[in-house]
Amino acid sequence: MDDVELPKLYESELTAAQLRELFEDLAEVAEVLDVLLKGHPTERTDGRPVSLSDAREAVENRRVRGVQIRYRFDGSEWRDSLLIAPGRVKLVRMQMPELPPSAGSRDRS
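Residue 220, in my numbering, is where the sequence shown stops; the numbers in between run on with no holes.
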């Protein structure tokens with residue numbers, strides 16, 4: 112099997128102010144492609160995408176265990192995962208690799 116280079120991960124624990132700033136920055140300067148919630152044990156999610164503002168409210172009110180935000184910024188696609196635990200929020204960010212145009216498509220003739 113060929114060696115595959117995995118995307119670099121960036122991790123940080125966010126303060127409440129940094130969390131607010133993250134959502135504001137994404138809303139203002141990124142093209143948000145997809146937002147998914149990871150359900151809390153007492154509240155299930157249906158797996159459908161939600162709005163960025165709904166995700167922000169769910170995180171701030173601790174109604175979810177996590178959020179995954181896929182977005183485009185500065186010509187690249189990024190994926191941010193917010194992991195919510197009592198008293199803290201951890202951000203894991205990665206830049207998605209650019210795939211060649213033929214990747215993922217198959218000739219169906």
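Glycine residues also receive a C-beta, built at the ideal position from the N, C-alpha and C atoms.
Can the beta-carbon of Glu135 be found less than 9 Å from the beta-carbon of Val203? Not in contact: Glu135 and Val203 (Cβ atoms no closer than 9 Å).
Assign Gly177 to buried or exposed, taking buried as 16 or more other Cβ atoms, counted over all protein chains shown, within 10 Å of its Cβ. With 16 or more Cβ atoms within 10 Å of its Cβ, Gly177 is classed as buried.
How many whole angstroms separate the CB atoms of Glu142 and Tyr182, which I take to be in contact at a CB cut-off of 8 Å? Sure, about 6 Å apart at Cβ, within 8 Å.
Between Asp191, Glu209, Pro208, which has its C-alpha nearest Lys201's C-alpha? Residue Asp191 is the option with its Cα nearest to Lys201.
Which residues does DSSP list as the beta-bridge partners of Lys201? DSSP, once it has assigned bridges, lists Glu124, Leu194 as partnering Lys201.
Let me know if Val140 comes out buried or exposed under the rule of 16 or more other beta-carbons within 10 Å of its beta-carbon. With fewer than 16 other Cβ atoms from the protein chains shown falling within 10 Å of its own Cβ, Val140 counts as exposed.
Could you check the C-alpha separation between Ile195 and Val115 for me, to the nearest Å? Each residue's Cα considered, the two are about 30 Å apart.
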